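Numbering (the working numbering), first residue to last: 900 to 1223.
For glycine and all other residues, C-beta sits at the position ideal for the given N, C-alpha and C.
Here the structure is a predicted model, which means the values were calculated and not measured.
A short write-up of the structure that comes next.
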Ligand SMILES: Cc1ncc(COP(=O)(O)O)c(C=O)c1O
């Protein structure tokens, strides 16, 4: 019995996700061998990394007798879209606390949130946490049995899902020297880093920070990885120094599509027929391309880009002009 089988999980994702080669992109960059792990194909409303995390989160929510899932994010949050789909599928109510403003005609993830029947509570970025707490308390007082999923489902349970994902990659017998992944609330990288450590993997997991300074993200990821290990019953401590983060590609800030992200999205599309998203994978791929140009990776190395989804945001009206 593996440590994972002790943690309740509800199967939602289409696993294992494929690993594919990116030969045309690699040739165009005159770079290392490139692979992609297609977690944009996990299923559950256009897929993405949250499907894996929500398998563990839903199991706990149901064990707690939850009737309402409450979570939080930006207006175009992929995590919120997938949580809304999950709630619909599981027969639960869903309340999303979103920072930003309603659109006159909802597009992208927001349109999908509405299709799934989620209730939306709008707030500002600075008041988001307070609004979330208040929303939870009100739902509780109204007898709706709420279950709170944190930002990005990045807690010990969500991170654990990516420890399992790392094991899945190992079972696919993929030879890679690097995993490059978008890192924001940290759970995805935490799980991968924990998986690599538990497997004594000789390669390295590099998080491209989407919106945090490197030191902050290293601390967050290390804390999540340690908490996930604890859920597996292992007294294993991961230190921030063990977590590799590059924060050179923060661009103009969270959710702002700049020239580097646009180029990465266009190159993946034109050379490989693959779609990235404007906020996370576009930025992470821009980081990977930038590092290839700086010859950060050694000749002969293999770099696996872990695609974490997010593609519905391509259809958000705010990005329409910037993507051309
Ligand atoms: C498409 C996509 N990629 C990557 C991430 C980052 O994952 P994490 O929050 O686990 O760091 C997110 C998180 O919101 C996302 O939506």
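What are the start and end residues of the alpha helix (DSSP H) that includes residue i?
i            : result
residue 925  : 922 to 928
residue 1120 : 1113 to 1130
residue 1034 : 1027 to 1040
residue 1090 : 1086 to 1097
residue 1186 : 1180 to 1192
Which stretch, first to last residue, makes up the beta strand (DSSP E) that contains residue i?
i            : result
residue 937  : 932 to 937
residue 1004 : Unbroken run through residue 1004: none, as it is neither H nor E.
residue 1065 : First-last for residue 1065: 1055 to 1070, but that is the alpha helix (DSSP H), not the beta strand (DSSP E).
residue 1201 : 1201 to 1206
residue 1102 : Careful: residue 1102 lies outside any beta strand (DSSP E) and carries neither H nor E.
residue 1047 : 1045 to 1047
residue 1022 : 1018 to 1022
residue 1081 : 1077 to 1082
Can you give me the Cβ contacts of residue i inside the same chain, cut-off strictly under 7 Å, excluding the 5 residues immediately before and after it?
i            : result
residue 984  : 943, 944, 1015
residue 1137 : 1092, 1093, 1096, 1121, 1124, 1125
residue 1067 : 914, 915
residue 1084 : 1050, 1051, 1053
residue 921  : 933, 934, 935, 1171
residue 948  : 938, 1087, 1207, 1208
residue 1005 : 1013
residue 1077 : 1102, 1103, 1105, 1196, 1200, 1202, 1203
residue 958  : 907, 908, 909
residue 956  : 1048, 1052, 1056, 1057
Among the residues of its own chain, which have a CB less than 6 Å from the CB of residue i, if the five just before and after it don't count?
i            : result
residue 900  : In this prediction, residue 900 has a pLDDT of 45, which is less than 50 and means its spatial position is unreliable; what the coordinates show is noted afterwards. Excluding residues within five positions, none has a Cβ falling inside 6 Å.
residue 1146 : 1108, 1112, 1113
residue 1153 : 1110
residue 1139 : 1117, 1118, 1121
residue 1215 : 975, 1006, 1007
residue 905  : none
Counting only C-beta atoms, is residue i closer than 9 Å to chain B at any point?
i            : result
residue 1121 : The structure shown has no chain B; it contains just one protein chain.
Consider the C-beta atom of residue i and the heavy atoms of ligand 1; say whether any pair is separated by less than 8 Å.
i            : result
residue 1146 : no
residue 1179 : yes
residue 1115 : no
residue 1176 : yes
residue 998  : no
residue 978  : yes
residue 1081 : yes
residue 1072 : no
residue 948  : yes
residue 1087 : yes
residue 1109 : yes
residue 1125 : no
residue 1051 : yes
residue 1186 : no
residue 1057 : yes
residue 1209 : yes
residue 925  : no
residue 972  : yes
residue 1084 : yes
Leaving out the 5 sequence neighbours to the left and right, which residues in its chain are closer than 8 Å to residue i when beta-carbon positions are compared?
i            : result
residue 965  : 991, 1044, 1045, 1046
residue 1000 : 974, 1021
Could you pull out every unbroken alpha helix (DSSP H) segment of at least 4 residues lying fully inside the segment 938 to 1002, listed in chain order? 948 to 962, 977 to 989
Segments assigned beta strand (DSSP E), at least 3 residues, entirely inside the segment 1126 to 1170: 1143 to 1145
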